[in-house]
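Novice: If you're matching them up, the sequences are chains A and B in order. Be aware that the first sequence starts at 18, since it is given in the working numbering, and climbs by one per residue. Be aware that the second sequence starts at 50, since it is given in the working numbering, and climbs by one per residue. For each residue, glycine too, the CB sits at the ideal point set by N, CA and C. Computed from a prediction, not measured in an experiment: that's the story for all the values here.
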Amino acid sequence: MESVKSIDSNIYRTINKLSANYSPEEKEKLCDQIVTDLYTKAETIAAQSILSKEEHKSEWGERIDDILTSKWLGYPIMLLLLGGIFWLTIIGANYPSAMLAEGLFWLEEQLTTFFLWANAPQWLHGILVLGIYRTMAWVVSVMLPPMAIFFPLFTLLEDLGYLPRVAFNLDSLFKRAGAHGKQSLTMSMGFGCNAAGVIAARIIDSPREKMIAILTNNFVPCNGRFPTLIILATIFMGNVVSSPYHSIVAATVVVGIVLVGIITTLLVSWGLSKTFLKGIPSSFTLELPPYRKPQIGRIIVRSFLDRTLFVLGRAVIVAAPAGVLVWVLANTSINDISLITHLANILNPFAILIGLDGVILLAFILGLPANEIIIPIIVMSYLSVGAMLEPESTEALRTILLNNGWTWITALATMLFSLLHFPCGTTLLTIKKETASTKWAVFAFLLTTTIAIVVNFIVVQLIRLF
Amino acid sequence: MLLTQLLTGKKARVVRLTARSQKRRRLLDLGLIPDTVVKSIRRSPAGDPTAYLIRGTTLGLRSEETNLVEIKELS
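1. Let's see if you can read the secondary structure: which residues bound the beta strand (DSSP E) around A:Ser36?
2. Would B:Arg62 be called buried (16 or more neighbouring beta carbons within 10 Å of its own) or exposed?
3. Consult DSSP for A:Lys310 and reduce its assignment to one of helix, strand or coil.
4. Using a Cβ-Cβ cutoff of 7 Å, what residues of the segment 292 to 311 of chain A are near chain B? List them in chain order.
5. Less than 9 Å separating the beta-carbons of A:Leu117 and A:Leu161?
6. Less than 8 Å between C-beta atoms, sequence neighbours within five positions excluded: which residues of the same chain meet that for A:Ile448?
7. For A:Val477, does the three-state DSSP call read helix, strand or coil?
8. Kindly give me the distance between the Cβ atoms of A:Val237 and A:Gly278, rounded to whole angstroms, as I take these residues to be in contact under 8 Å.
9. Can you give me the Cβ contacts of A:Gln200 inside the same chain, cut-off strictly under 6 Å, excluding the 5 residues immediately before and after it?
10. Any contact between the segment 468 to 476 of chain A and the segment 90 to 97 of chain B? By contact I mean 3 or more CB pairs, one from each, below 8 Å.
11. I'd like the span of the beta strand (DSSP E) that includes B:Tyr101, first residue to last.
12. I need the straight-line Cα distance from A:Thr394 to A:Gly143, nearest angstrom please.
13. Around the C-beta of A:Arg324, are 16 or more other C-beta atoms found within 10 angstroms, so that it is buried, or is it exposed?
14. Less than 6 Å between C-beta atoms, sequence neighbours within five positions excluded: which residues of the same chain meet that for A:Cys210?
15. Using a Cβ cut-off of 9 Å (strictly closer), state whether A:Gly195 contacts chain B.
16. Please determine, among A:Phe381, A:Ser398 and A:Gly340, the residue with the shortest C-alpha to C-alpha distance to A:Thr358.
17. When DSSP labels each residue in this structure, what does B:Thr106 get in the three-state scheme?
18. I'd like to know whether the C-beta of A:Tyr56 is nearer than 9 Å to at least one C-beta of chain B.
19. Nearest CA to the CA of A:Trp155: which residue from A:Ser350, A:Thr130, A:Ala336 and A:Leu379?
20. Using 8 Å as the cut-off, can you tell me whether the segment 336 to 351 of chain A makes contact with the segment 166 to 180 of chain A, which would need three or more C-beta pairs spanning the two stretches below that distance?
21. With a CB to CB cut of under 8 Å and the five nearest residues on each side skipped, what residues in its chain are close to A:Ile274?
22. Please list the terminal residues of the continuous beta strand (DSSP E) segment that includes B:Arg73.
23. Using a C-beta cutoff of 9 Å, does A:Leu180 count as contacting chain B?
24. Looking at the C-beta of B:Ala95, does it have a partner C-beta in chain A at a distance below 9 Å?
25. Taking the alpha helix (DSSP H) that A:Ala59 falls in, what are its first and last residues?
26. Tell me which residues share the same chain as A:Gly422 and place their Cβ nearer than 8 Å to its Cβ, disregarding the 5 neighbours each side in the sequence.
27. Between A:Phe208 and A:Phe185, is the Cβ-Cβ spacing less than 9 Å?
28. With DSSP collapsed to three states, give me the class of A:Leu303.
29. Whose CA, out of A:Trp344, A:Thr269, A:Thr31 and A:Ala196, lies closest to the CA of A:Gly288?
30. Taking the straight line between their C-alpha atoms, what separation do you get for A:His263 and A:Asn235?
31. Within the segment 397 to 464 of chain A, note down every full alpha helix (DSSP H) run reaching 4 residues or more, in order along the chain.
32. Between the alpha carbons of A:Ala332 and A:Thr444, how many angstroms are there, rounded?
33. With B:Leu66 as the anchor, note down where its beta strand (DSSP E) starts and where it stops.
34. Tell whether a beta-carbon distance below 9 Å holds between A:Thr172 and A:Ile316.
35. Can you give me the C-alpha to C-alpha distance between A:Ala347 and A:His438, rounded to a whole angstrom?
36. Output, in chain order, the set of chain A residues within a Cβ distance shorter than 9 Å of B:Ala61.
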């Protein structure tokens with residue numbers, strides 16, 4: 018209105034005076050007429066300038082939609098697709114992961130030889146090779162292969178146009194939770210990166226439902242956490258059955274964890290809309306665009322450059338200083354006990370209650386800048402305290418964890434805590450930016466951490482009881 | 050008859066909108082203006098939302114919205 022006023026306050030006043038003579042119904046009619054005229058004009062222009070082919074392509078799209086959104090098959094197909102992607106990631110990532118690890122740790126040996134030859138001081142070799150290089154080598158060898166498989170597959174689903182169908186299928190659940198159907202789209206973004214998912218909440222118009230989407234996005238595991246989930250599921254859950262079914266069981270477990278995340282999202286959304294963010298659900302409109310033929314080349318390039326390298330780059334950048342910190346903590350002693358052991362010992366009694374141990378909880382705290390480095394920190398901590406192991410593959414990782422008292426309960430508790438605990442630093446900063454308040458970022462931190470501790474405590478105590 | 054009651058596969062003509070203010074604007078912006086022909090395409094597995102073909106675009110709408118649209122079914 019201000020801008021209108023500034024154009025000509027006289028005209029504005031006249032309009033205002035005139036409009037007072039008309040009833041709301043008449044004003045509504047005028048409003049309708051304006052929109053109708055706009056549409057008529059736009060359609061006339063479109064009809065003159067756009068030449069559309071026969072609409073035969075939409076027919077098979079319709080038939081696919083009949084299946085993908087059908088009453089009985091809609092939900093199972095969603096789960097199968099998700100499970101299929103995890104399964105392919107798990108079976109595909111094994112060999113390249115082992116090969117990468119072998120190569121990178123061969124390079125570490127050469128670096129050590131070089132440092133010895135150069136007569137470098139031991140602390141320098143420790144910080145640079147055992148701290149920075151080894152942590153980064155872990156991050157790359159453990160994370161790169163699953164990401165390089167998972168991201169292109171997920172991008173393929175996006176490119177096909179499947180994700181709006183997911184939102185269409187799930188909307189009624191979100192409506193019942195007092196949330197917006199588009200929240201399933203921001204959740205899909207969260208699978209990539211929670212910070213991106215928080216930014217994506219801009220597509221939700223209503224401020225209340227937008228806030229719900231922002232605060233709950235963290236319950237979708239991002240790809241910084243997927244490798245952790247996939248690796249732990251592979252090591253501890255897949256191994257309980259005979260080998261041909263390893264990867265299927267592991268994939269099922271990961272799907273189960275994702276489902277727990279989705280159920281938590283719905284429950285927390287419902288709780289928020291009944292308490293802190295009261296209100297009724299607003300409108301939902303979602304376009305279901307026609308299916309497109311995926312552009313394979315572009316998918317590979319985009320998912321590799323925009324996602325895989327971006328995430329890996331971030332992990333490596335954060336891993337380097339974290340590697341230094343862990344190495345220093347592990348090699349600085351008070352009373353002949355390293356600082357890392359002191360810290361882990363302090364955290365241990367509490368950590369045990371929620372199924373973790375002091376080292377794992379410490380790794381989650383040190384991993385605040387980026388969740389990608391949690392497994393590497395755990396391994397670094399165990400290795401620096403116990404015997405030096407030369408990790409070569411997931412099998413070596415399994416040995417390290419088993420030697421440090423891990424069981425399937427530890428793995429389950431770590432996966433649950435990883436799913437539910439506080440968002441990473443980047444996501445917290447993004448929440449602060451998007452909500453324009455530190456208060457909501459702090460709230461998100463407390464909300465998620467409380468839920469993580471409560472859920473972990475209940476699950477672990479129940480398992481120990483039976 | 051309300052748009053919500055339109056059976057899958059049937060077509061109808063929009064008669065008028067009973068929505069007010071913001072909601073009315075949103076429905077109009079989607080192209081749901083009087084005399085527009087709308088086709089109900091499919092329901093989601095849980096029965097709501099429903100997808101409609103409106104001016105060449107497929108849109109998913111919740112029953113809260115479609116309850117605000119009066120239509121006349123076309124045979």
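Specialist: The structure says:
1. Secondary structure note for A:Ser36: it is in no beta strand (DSSP E), and the uninterrupted alpha helix (DSSP H) holding it is Ser26 to Ser36.
2. Under this definition B:Arg62 is an exposed residue.
3. When secondary structure is reduced to three states using DSSP, A:Lys310 falls in the coil class, being assigned neither helix nor strand.
4. Going along the segment 292 to 311 of chain A in chain order, one finds Ser300, Phe301, Thr302, Leu303, Glu304 and Leu305 with a Cβ nearer than 7 Å to chain B.
5. Yes. Within cutoff.
6. Excluding residues within five positions, the ones whose Cβ falls inside 8 Å are Val215, Ile231, Leu232, Pro440, Trp457, Ala458 and Ala461.
7. A:Val477: helix per DSSP, three-state reduction.
8. Separation of the CB atoms of A:Val237 and A:Gly278 is rounded to 6 Å, and the pair is thereby assigned contact status at 8 Å.
9. Correct list, in chain order: Phe191 and Ala230.
10. No: fewer than three Cβ pairs fall under 8 Å.
11. Segment Thr99 to Ile103, the beta strand (DSSP E) holding B:Tyr101.
12. In the sequence as displayed, the identity of residue 394 of chain A is Ile instead of Thr. Near 15 Å, if we compare the C-alpha coordinates of A:Gly143 and A:Ile394.
13. With 16 or more Cβ atoms within 10 Å of its Cβ, A:Arg324 is classed as buried.
14. The residues are Cys239.
15. For A:Gly195, not one C-beta of chain B is nearer than 9 Å to its own C-beta.
16. Cα-wise, what sits closest to A:Thr358 is A:Ser398.
17. Assigned with DSSP and collapsed to three states, B:Thr106 falls in strand.
18. Answer yes: the Cβ-Cβ gap between A:Tyr56 and chain B drops below 9 Å somewhere.
19. Measuring from the Cα of A:Trp155, the nearest candidate turns out to be A:Ala336.
20. At 8 Å Cβ cutoff, the stretches do not touch.
21. The beta carbon of A:Ile274 is closer than 8 Å to those of Pro238, Leu246, Ala250, Met432, Leu433 and Leu436 in its chain, skipping five residues each way along the sequence.
22. For B:Arg73, there is no enclosing beta strand (DSSP E); the enclosing alpha helix (DSSP H) has its first and last residue at Ser70 to Asp78.
23. Under the Cβ distance rule, A:Leu180 does not count among the residues neighbouring chain B, no pair being separated by less than 9 Å.
24. At least one chain A Cβ lies under 9 Å of B:Ala95.
25. That run of the alpha helix (DSSP H) goes Pro41 to Ser66.
26. Excluding sequence neighbours, A:Gly422 sits near Asp374.
27. Contact flag unset, no.
28. DSSP places A:Leu303 in strand when its eight states are reduced to three.
29. Per the Cα distances, A:Ala196.
30. A straight line joining the alpha-carbon of A:His263 with that of A:Asn235 spans about 28 Å.
31. If only complete runs of 4 or more residues are kept, the segment 397 to 464 of chain A shows the alpha helix (DSSP H) at 411 to 420, 425 to 437 and 442 to 452, in order along the chain.
32. For A:Ala332 and A:Thr444, the gap between their C-alpha atoms comes out near 14 Å.
33. Residue range Lys60 to Leu66 is occupied by the beta strand (DSSP E) that includes B:Leu66.
34. Yes.
35. Here the C-alpha atom of A:Ala347 lies approximately 25 Å from the C-alpha atom of A:His438.
36. Listed by position along chain A, the residues whose Cβ is nearer than 9 Å to that of B:Ala61 form an empty set, because the closest Cβ is around 18 Å away.
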